[in-house]
Amino acid sequence: MSGLLSTRDLSVDQIVSLLAEADEMKIHGVGGAPKSDALKGRTVASLFFEDSTRTKVSFETAAKRLSADTVTLAVGSSSVNKGESLRDTVETIGAMGVDAWVVRHRSSGVPLLISRWTASPVVNAGDGWHQHPTQALLDAYTISRSLGTDAGLRGVKVAIVGDIRHSRVARSNIDLLGRLGAEIVLVAPRTLLPVGGVIAGAVWTDDLDDVVADVDVLYMLRVQRERINGSLLPAGDEYSERFALTPRRAAMLRRDSIVMHPGPMNRGTEMRIDPADLPQSRILEQVSNGVAVRMAVLRSVVVGGLASEGGHR
Ligand code: NCD
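Those letters in the sequence shown? Residues 4 to 316, by the numbering used here.
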């Protein structure tokens, strides 16, 4: 098996070298600079079975800046709606010649399934509540480059705030940032913690005011309304009052801390301040870093031998 299905496929050394490679990728295809030709003549196929704006565009941009050919299947316009099975879809597109797959699906485990039907590497672009490994990589990159900590994150205090239960972003980040040495605090109502309780390696509080002045990174999560059973969410404005980033809380942040969000933001729910008014915001840097990090990942899985070791998931 090859590809990138979970953050757990990566050793710390592999993470560090992907982030270093992302540094090199940053120059390509920006402001008139030449593209990399690392994937010239290769084809990257993206299968997005769930809505996505930034992740889909980010992977496509990354593939193009590596000079790959791209094929994108958005489910709304594909034969999947005519009842073609997932396997038939993958085998049909695969028969046209695909060197790497990028897969997003609302069900956990679909990228793994697809990896069993193809010899080409599969990169998980988000599956259900499970994993979103390239998001965690771009977040680690953004934190280390913003705080000047190079690769490791030893001693960096990260608060992940909000709907942790339904968040593949949280799951991937807790694993990856934790293994790079970050201290992780989960800030959430008990009902939005993962089903099995606090994930190993992290501590929990439901008092955002208590941690906001103390963290290096405030990582806000989107409230995933489409995945939430209503009774889990504190009623009305109570969620925002307790867990949103408000101007009052923003004023408590250290000046040298940073604020992140994977997008899309729910303004007025978890974000009650405009990031444009927040000097600590790195939300747009996350988006631009995402392209460089995905370039490093795509290059590595196609020609650089980034092999999933399997068995860790
Ligand atoms: C996240 C996702 O889809 O998992 N967004 C993203 O990839 N940029 C987070 C979210 O949807 O809340």
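For each residue, glycine too, the CB sits at the ideal point set by N, CA and C.
Would you say residue 124 and residue 6 are within 8 Å of each other, going by their C-beta atoms?
yes
Using CA atoms only, rank isn't needed, just tell me which of 61, 11 and 47 is closest to residue 304.
47
Report the option in 204, 226 and 222 whose CA atom is closest to the CA atom of residue 138.
222
Mapping the DSSP letters down to three states, classify residue 273 as helix, strand or coil.
coil
Which residues DSSP lists as bridging residue 339, in chain order
Since the first residue shown for the chain is 4 and the last is 316, residue 339 is missing from the structure and cannot be characterised.
8 Å Cβ cutoff met for residue 163 and residue 187
yes
What I want to know is whether the C-beta of residue 129 ends up closer than 7 Å to one or more non-hydrogen atoms of the ligand NCD.
yes
Answer with buried or exposed for residue 105, where buried requires no fewer than 16 other C-beta atoms within 10 angstroms of its C-beta.
buried
Complete runs of the alpha helix (DSSP H) confined to the region 12-65 [at least 4 residues]
15-28
Could you tell me which uninterrupted beta strand (DSSP E) segments, each at least 3 residues in length, are contained entirely in the region 89-150, listed from first to last along the chain?
103-108 and 125-130
Taking 7 Å as the line, does the beta carbon of residue 31 fall inside it for any heavy atom of the ligand NCD?
no
Going by other Cβ atoms of all chains shown within 10 Å of its Cβ, with 16 needed for buried, is residue 10 buried or exposed?
buried
By Cβ distance below 6 Å, which residues in the same chain neighbour residue 171 in space, the five residues on each side in sequence not counted?
129, 132, 133, 134 and 135
In three-state terms, what does DSSP make of residue 194?
helix
Terminal residues of the alpha helix (DSSP H) in which residue 78 lies
Premise fails: residue 78 is in no alpha helix (DSSP H) and is neither H nor E.
Reduced DSSP secondary structure (H/G/I, E/B, other) of residue 10
helix
Given a threshold of 16 other Cβ atoms within 10 Å of its Cβ, counted over all protein chains shown, does residue 229 qualify as buried or as exposed?
exposed
Where residue 237 and residue 40 are concerned, what is the direct C-alpha to C-alpha distance, given to the nearest angstrom?
50 Å
Candidates 97, 219, 175 and 217, of which the one nearest residue 202 by Cα
175
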